[in-house]
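Taken in sequence, the protein lines are chains P and X. With the numbering used here, the residue at position 115 of the first sequence is 115, and numbering never jumps. Every position in the second sequence, counted from 1, becomes a number in the numbering used here once 152 is added. All residues carry an ideal CB built from backbone N, CA and C; glycine is no exception. See below for the structure under consideration.
Number of protein chains: 2
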Amino acid sequence: MALIYSEKAAKMLLEKGIKPSPIRLKVLTFLLKNPTHPTADEIYQELQKEILTLSKTSVYNALSLFLRLNLVKSVNIDEKETRYDANIEEHGHFQCLSCKQIYDFFHVPRLEEKEELNDFMIKEKRYYYYGLCPECQQKEENNEKFNWNKNS
Amino acid sequence: MALIYSEKAAKMLLEKGIKPSPIRLKVLTFLLKNPTHPTADEIYQELQKEILTLSKTSVYNALSLFLRLNLVKSVNIDEKETRYDANIEEHGHFQCLSCKQIYDFFHVPRLEEKEELNDFMIKEKRYYYYGLCPECQQKEENNEKFNWNKNS
DNA sequence: TTCATTTTTGTAATGATTACAGTGATAGTA
DNA sequence: TACTATCACTGTAATCATTACAAAAATGAA
């Protein structure tokens, strides 16, 4: 399995005409293996376990190269820090306001943009939804019951 | 006109049960008057011309209060800095990758979310589009013609 | 080997935002 | 009028993700 991902990463890099250097390979492989929208720091923390001399700048270098080459997408649902996604298929992201987890969704748009953006050349669309995931809805309901009991 | 905006601002604040202090009034009035998605710093720079002792912290304080009360929305289309929008009606934002200008669009969704997000409680939806505005498309076409002439 | 180019590292800078402590204004009360 | 508590505002310092930059290491060709 690990083999497959790193081979895919190497192929992706070669197809874009850049050298599959050790760090680039590791970073891209990590993103393919972990479609959990990690931050640059999370990638750094994980890879540092294998590559003891890894520098954070190298991670940023690799990531910004990948962004330029359209190998990965950045996900800015999280106000503070940028996340990275090796799935470049058009899809939306949902973030739970309570547990902060991010979920993908793929049944996006078919927006009726009509006249409004007719003269604009649209190159990328991002969909960020916020709300409560099923688990946190459940928790909230339980809290309400609890509070209701207390106050009565 | 200026009167109308500041009166509306005062009314909005009172309706939410908070005191329309001088700075809050100025910040909210500015946002109502300037639906151009200004950054905190842009607001600060402008208001500082009238209120010489204004501190940036006060601008941030006012803005985060407004966000909590749902008087304004933050717009994070711009990776680096947060922008603010007093139009809280559901609408999308388009940013031109060339001139960086941000445009509103209102013909949003009627997404077919179907099963996928059925169990999620969606509280907010953000639509960020990126591309080229009509003017910058024009410029790009002209550049291409120019380059074509040069190389031939 | 030698040299040039590319990759990687480490440290310092940047810049938006937040924390915090202190100062000032305001309003209600005795 | 003075007192007090609360709230608004300011200024400075801290935080933290990201970028700049220069130097060191690796690579690859001649």
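Among the candidates X:236, X:239, X:288, whose CA atom is the shortest distance from the CA of residue 252 (chain X)? X:288
So residue 278 (chain X) contacts chain P; which residues on that side make the cut at Cβ distance below 9 Å? 77, 126, 127, 128, 129, 130
Looking at C-alpha atoms only, which residue of P:50, P:41, P:15 is the closest neighbour of residue 22 (chain P)? P:50
Backbone secondary structure at residue 208 (chain X) - three-state DSSP: helix
What in chain X is Cβ-close to residue 99 (chain P), meaning under 9 Å? Result: empty, since nearest Cβ-Cβ is about 12 Å, beyond 9 Å.
Environment of residue 290 (chain X) [buried if 16+ CB atoms lie within 10 Å]: exposed
In chain order, which beta strand (DSSP E) runs of at least 3 residues are fully inside the segment 208-263 of chain X? 225-227, 235-237, 244-248, 254-257
To the nearest angstrom, report how far apart residue 19 (chain P) and residue 60 (chain P) are at their CA atoms. 17 Å
Rounded C-alpha distance that separates residue 160 (chain X) from residue 192 (chain X): 21 Å
Integer-rounded CB distance, given that residue 187 (chain X) should sit under 8 Å from residue 119 (chain P): With a Cβ gap of about 20 Å, residue 119 (chain P) and residue 187 (chain X) do not count as contacting.
Compare the beta carbon distance of residue 66 (chain P) and residue 72 (chain P) with 9 Å and say whether it is the shorter of the two. yes
Taking three-plus beta-carbon pairs below 8 Å as touching, is the segment 87-103 of chain P in contact with the segment 237-245 of chain X? no
Of all the CB atoms in chain X, is at least one closer than 9 Å to the CB of residue 103 (chain P)? yes
So which residues of chain X does residue 120 (chain P) contact, with C-beta pairs closer than 9 Å? 246, 248, 255, 257, 281, 283, 284, 285, 286, 289
Below 9 Å on C-beta distance, what does residue 232 (chain X) contact in chain P? Chain P residues near residue 232 (chain X): none, gap ~10 Å exceeds 9 Å.
Range of the contiguous alpha helix (DSSP H) that encloses residue 28 (chain P): 22-33
How would you call residue 25 (chain P), buried or exposed, if buried means at least 16 neighbouring beta carbons within 10 angstroms? buried
Leaving out five residues before and five after residue 195 (chain X) in sequence, what residues of the same chain have Cβ atoms less than 7 Å from its Cβ? 179, 182, 211
Compare the C-alpha of residue 269 (chain X) against each of P:55, P:69, P:107 and name the closest. P:107
Which residues in chain X have a C-beta closer than 8 Å to the C-beta of residue 116 (chain P)? List them in chain order. 257, 258, 259
Taking DSSP as the reference, what is the three-state secondary structure of residue 19 (chain P)? coil
Can you tell me whether residue 124 (chain P) is helix, strand or coil according to DSSP? strand
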